[in-house]
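These notes are about the structure you will find just below.
There are 2 protein chains.
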Amino acid sequence: MSMLSFLLGEKKKTASVAKERLQIILARERVGGNGGGPDYLPALQKELMAVISKYVDIDVNDIKVHLERQENLEVLEVKIELPDAAR
Amino acid sequence: MSMLSFLLGEKKKTASVAKERLQIILARERVGGNGGGPDYLPALQKELMAVISKYVDIDVNDIKVHLERQENLEVLEVKIELPDAAR
């Protein structure tokens, strides 16, 4: 299953109101268990949001951030509902 | 199924050599079919790569970019294999 079909499936489950949404997923696969280098995802996420806000108006209340870790995989999900004006 | 379990499944299928990997996925759900505002994903992707290269050394040969569009969903996937020194 491709990433697109996975996200399409997710969309169908959740999308109630037709809104413009942007989702950013950062997945880091470390080598050597949970250690392995600095944890830069949180800092990286902040910088990415700054870049994104150049392209679309972001209201901090419309941002959902979710961080999950399992085995040597760390996934940071940022979901942004965009104001209608962005269309 | 959460994003993490989806990516873990993908990892098991593809991961041959234990390498540090970073995956960035940008998914944009537009309103009103394929139109709806400027197409900023490609430009956004370039800027995101510039930010990421502040955190990890990126060799352009180790980057795979994949863009897919279906219905009103546009998914940009960037997969980066990181040099061992990043660990």
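Protein sequences, first through last, are from chains S and Y. The first sequence begins at 1 in full-length UniProt numbering and counts up by one. The second sequence begins at 1 in full-length UniProt numbering and counts up by one. Glycine is no exception: its CB is placed at the ideal position from the N, C-alpha and C atoms.
- Within the region 17-29 of chain S, those residues whose Cβ lies closer than 7 Å to any Cβ of chain Y are, in chain order, Ala18, Lys19, Glu20, Arg21, Leu22, Gln23, Ile24, Ile25, Leu26, Ala27, Arg28 and Glu29.
- Around the beta carbon of Y/Gln70, a 10 Å sphere encloses fewer than 16 other beta carbons of the protein chains shown; the residue is thus reported as exposed.
- The residue from S/Ala43, S/Glu74, S/Ile63 and S/Leu73 with its alpha-carbon nearest to that of Y/Ile52 is S/Ala43.
- With fewer than 16 other CB atoms across the displayed protein chains lying within 10 angstroms of its CB, Y/Ala50 is exposed.
- The beta carbon of S/Val65 sits no closer than 9 Å to any beta carbon of chain Y.
- Annotated as distal: S/Leu8 and S/Val78, with beta-carbon spacing of 9 Å or more.
- Taking each of S/Pro83, S/Pro38 and S/Val75 in turn and checking the Cα distance to S/Tyr55, the smallest one comes out for S/Pro83.
- Taking Y/Asn61 as reference, the option from Y/Glu68, Y/Ser5, Y/Glu81 and Y/Lys13 with the minimal CA-CA separation is Y/Glu81.
- When the Cα atoms are used, Y/His66 and Y/Leu76 turn out to be separated by approximately 6 Å.
- Your pair S/Leu41 and S/Glu74 checks out as a contact, with CB atoms roughly 6 Å apart and the cut at 8 Å.
- When Cβ-Cβ separations below 9 Å define contact, Y/Ile52 makes contact with chain S.
- The DSSP-derived three-state label of Y/Glu10 is helix.
- The beta carbon of S/Val60 does not come within 9 Å of any beta carbon belonging to chain Y, so the residue lies off that interface.
- Each residue's CA atom was taken as its position, placing Y/Ser5 and S/Phe6 some 11 Å apart.
- In the displayed model, S/Glu47 falls within a helix according to three-state DSSP.
- In chain order, Leu4 and Leu8 make up the part of chain Y whose C-beta sits under 7 Å from the C-beta of S/Gln70.
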